[in-house]
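Top to bottom, those sequences are chains G and F.
Under numbering that gives the first Met the number 0, the residue at position 101 of the first sequence is numbered 100, and the numbers go up by one with no gaps.
Under numbering that gives the first Met the number 0, the residue at position 25 of the second sequence is numbered 24, and the numbers go up by one with no gaps.
The structure under discussion appears below in the form of structure tokens.
Protein chains: 2
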Amino acid sequence: MFEIFARYLRTHIEISDDDLELIRIGSIEKRLRKWQPLFQDGDVWLTNCFIASGCLRIYRIGGDGKDHTFRFGVDNWWVTDVESYNHETPSRFDVEALAASTVIIWTKKKWMELMVTIPVLREFQEALMARSYEASQRRIYSLISSSAEEKYNEFQKTYPGVFNQVPLHMVASYLGVSRETVSRLRKELTKRK
Amino acid sequence: MFEIFARYLRTHIEISDDDLELIRIGSIEKRLRKWQPLFQDGDVWLTNCFIASGCLRIYRIGGDGKDHTFRFGVDNWWVTDVESYNHETPSRFDVEALAASTVIIWTKKKWMELMVTIPVLREFQEALMARSYEASQRRIYSLISSSAEEKYNEFQKTYPGVFNQVPLHMVASYLGVSRETVSRLRKELTKRK
DNA sequence: CGATTCTTTGAAAACAGTCAATCTGTGTGG
DNA sequence: CCACACAGATTGACTGTTTTCAAAGAATCG
Numbered sequence: 000m001f002e003i004f005a006r007y008l009r010t011h012i013e014i015s016d017d018d019l020e021l022i023r024i025g026s027i028e029k030r031l032r033k034w035q036p037l038f039q040d041g042d043v044w045l046t047n048c049f050i051a052s053g054c055l056r057i058y059r060i061g062g063d064g065k066d067h068t069f070r071f072g073v074d075n076w077w078v079t080d081v082e083s084y085n086h087e088t089p090s091r092f093d094v095e096a097l098a099a100s101t102v103i104i105w106t107k108k109k110w111m112e113l114m115v116t117i118p119v120l121r122e123f124q125e126a127l128m129a130r131s132y133e134a135s136q137r138r139i140y141s142l143i144s145s146s147a148e149e150k151y152n153e154f155q156k157t158y159p160g161v162f163n164q165v166p167l168h169m170v171a172s173y174l175g176v177s178r179e180t181v182s183r184l185r186k187e188l189t190k191r192k
Numbered sequence: 000m001f002e003i004f005a006r007y008l009r010t011h012i013e014i015s016d017d018d019l020e021l022i023r024i025g026s027i028e029k030r031l032r033k034w035q036p037l038f039q040d041g042d043v044w045l046t047n048c049f050i051a052s053g054c055l056r057i058y059r060i061g062g063d064g065k066d067h068t069f070r071f072g073v074d075n076w077w078v079t080d081v082e083s084y085n086h087e088t089p090s091r092f093d094v095e096a097l098a099a100s101t102v103i104i105w106t107k108k109k110w111m112e113l114m115v116t117i118p119v120l121r122e123f124q125e126a127l128m129a130r131s132y133e134a135s136q137r138r139i140y141s142l143i144s145s146s147a148e149e150k151y152n153e154f155q156k157t158y159p160g161v162f163n164q165v166p167l168h169m170v171a172s173y174l175g176v177s178r179e180t181v182s183r184l185r186k187e188l189t190k191r192k
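In structure tokens form, the structure reads like this:
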């Protein structure tokens with residue numbers, strides 16, 4: 000499975016076989032069954048976590064007892080709670096596998112060491128952070144400016160891989176609307192075309 | 000006005016007077032009158048921009064012709080469209096001053112040079128990016144999980160400085176609701192307590 | 001097959017948006 | 001100093017959308 004990560008990394012940076020081997024040695028591969036939790040509310044995220052295959056969901060149970068999907072992650076995505084990772088404080092998120100998945104994990108300590116040893120990895124990390132930040136800005140704009148219908152369409156276009164494999168009520172809580180609304184929206188949209 | 004930036008920077012990093020002087024020399028100070036635009040839709044953001052004093056607003060006119068406030072910026076905040084800055088593409092945002100303001104500007108080129116010359120500035124930049132990203136994650140969670148009333152209260156608590164000096168319809172578009180809704184919410188809340 | 005989970009549907013209620021009119025405060029020019 | 005214009009805020013009536021609640025219909029899994 001490390002092969003998947005190696006291919007992914009090489010689409011973004013140039014890296015020698017030796018350096019890649021260092022990264023491999025520092026990594027841990029973890030397999031998750033469907034519905035298996037990867038992190039739980041209260042854990043401190045002292046790891047970097049890459050999804051080699053499968054599908055995960057980051058969510059939180061709100062004060063109202065409702066389940067809010069913060070985001071999904073599929074093949075070749077990363078999953079982190081930056082706040083917990085940066086400040087080493089307990090996370091308020093849960094993460095679970097929505098399908099059998101394989102993740103590759105580095106401890107924060109190991110990852111830091113690797114970034115020192117392999118400068119290009121630090122550059123990669125920075126670029127990744129920048130892309131993530133851009134994506135979050137786009138999502139914020141969509142949340143404040145789009146109707147439920149527009150958000151639904153955007154989501155479907157932007158994450159076709161996610162869309163077709165996760166339960167609808169999770170899509171609903173990702174968009175910030177009720178599952179019934181998404182169900183009706185879907186019906187309306189298929190009827191229209 | 001550079002003094003304000005100097006104080007700000009020194010609350011975050013340790014930096015010598017010499018390095019600070021380098022940063023000062025590379026900067027441009029710009030004064031804005033109320034309602035004066037700083038950037039306009041179509042501009043490429045080749046600058047880093049620090050608000051020494053005043054209040055700015057980043058917004059976009061949506062496809063529906065409506066005004067969406069992406070965010071505000073007050074004293075000691077930065078204002079950037081990361082997507083435009085990183086990829087050097089035209090921004091789709093406008094920025095205007097909501098009050099007489101002073102901003103300190105560095106060109107991207109100059110800022111890059113400074114980060115090479117002054118390693119601690121690069122660290123600062125990374126920490127800033129991390130904090131900004133964390134803030135955007137919190138806002139996303141709030142947008143998908145809170146009611147209009149909760150968002151209104153959170154905004155008021157989190158940004159008291161902004162809250163009391165910007166027109167209400169801009170607060171409304173920041174929260175993603177209509178100005179009438181915010182007006183009624185406010186009435187309801189003052190009545191209740 | 002039976003149990004469980006997910007999705008759909010209907011009806012009612014709550015909520016937010018629109019439109020239009022009015023009110024308020026500010027600042028300008030006479 | 002007043003009258004007026006203007007922008008922003010509020011309010012009411014109405015409309016449309018979304019949520020909630022409850023029930024029933026698919027789909028999935030052991």
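The C-beta atom is built at its ideal place from N, Cα and C for all residues, glycine as well.
Spell out whether any CB of chain F is found under 7 Å from the CB atom of residue i.
i, result
"Arg56 of chain G", "no"
"Leu97 of chain G", "no"
"Ser144 of chain G", "yes"
"Gly61 of chain G", "yes"
"Gly53 of chain G", "no"
"Ala129 of chain G", "yes"
Hey, does residue i have any beta-carbon neighbour from chain G nearer than 7 Å?
i, result
"His67 of chain F", "yes"
"Glu133 of chain F", "yes"
"Arg138 of chain F", "yes"
"Glu82 of chain F", "yes"
"Asn85 of chain F", "yes"
"Gly25 of chain F", "no"
"Gly175 of chain F", "yes"
"Ala171 of chain F", "no"
Tell me which same chain residues have a C-beta within less than 7 Å of the C-beta of residue i, skipping the five on either side of it?
i, result
"Trp44 of chain F", "Phe38, Thr79, Asp80, Ser83, Tyr84, Ser90"
"Asp66 of chain F", "Tyr58, Ile60, Ser172"
"Gly25 of chain G", "Trp105, Lys109, Leu113"
"His168 of chain F", "Arg178"
"Tyr7 of chain F", "Asn75"
"Phe69 of chain G", "Ile57, Tyr58, Arg59, Phe92"
"Leu184 of chain F", "Ala147, Glu148, Tyr151"
"Trp34 of chain F", "Glu95, Ala96"
"Thr124 of chain G", "Per the sequence shown, residue 124 of chain G should be read as Gln rather than Thr. Excluding residues within five positions, the ones whose Cβ falls inside 7 Å are Met114."
Which residues in the same chain as residue i place their Cβ atom closer than 6 Å to its Cβ, once the five residues preceding and following it in sequence are excluded?
i, result
"Asp42 of chain F", "Ser90"
"Asn47 of chain F", "Trp105, Trp110"
"Met0 of chain F", "Glu28, Ala51, Thr101"
"Gly160 of chain F", "Val73"
"Ile103 of chain G", "Phe4, Ser26, Glu28, Phe49, Ala51"
"Ala126 of chain F", "none"
"Phe71 of chain F", "Arg56, Val161"
Grab me the residues of residue i's own chain with a C-beta within less than 8 Å of its C-beta, minus the 5 sequence neighbours each way, in chain order.
i, result
"Thr88 of chain F", "Val43, Glu82"
"Leu21 of chain G", "Leu113, Thr116, Ile117"
"Glu122 of chain F", "Ile12"
Is any non-hydrogen atom of the ligand PLP found closer than 6 Å to the C-beta of residue i, if you look at the structure I gave you?
i, result
"Asp74 of chain F", "Summarising the ligand content, the structure contains no ligands, and the ligand PLP is consequently not present."
Inter-stretch contact (C-beta, 8 Å, three-pair minimum) for the region 48-58 of chain G and the region 95-111 of chain G: At 8 Å Cβ cutoff, the stretches touch.
Start-end ranges of the alpha helix (DSSP H) lying completely within the region 85-160 of chain F, minimum 4 residues: Entirely contained in the region 85-160 of chain F, the alpha helix (DSSP H) runs reaching 4 residues are, in chain order, 107-116, 118-144, 147-157.
In chain order, each beta strand (DSSP E) run of at least 3 residues that lies wholly inside the region 16-99 of chain F: List check, beta strand (DSSP E) in window: 27-31, 36-38, 46-52, 54-60, 66-73, 93-96.
Segment contact flag, the region 126-138 of chain G with the region 117-136 of chain F, C-beta cutoff 8 Å, min 3 pairs: Counting C-beta pairs closer than 8 Å gives three or more between the region 126-138 of chain G and the region 117-136 of chain F, which meets the contact rule.
Touch test, the region 112-119 of chain G against the region 178-185 of chain G, Cβ-Cβ under 8 Å, three pairs minimum: Taking 8 Å as the limit for Cβ pairs, the verdict is that the region 178-185 of chain G does not touch the region 112-119 of chain G.
At least 3 beta-carbon pairs within less than 8 Å: the region 152-162 of chain F vs the region 145-155 of chain G: No: the two stretches stay apart, fewer than three of their Cβ pairs being nearer than 8 Å.
Meets three-Cβ-pair contact criterion under 8 Å: the region 116-132 of chain F and the region 11-24 of chain F: Yes: at least three Cβ pairs fall under 8 Å.
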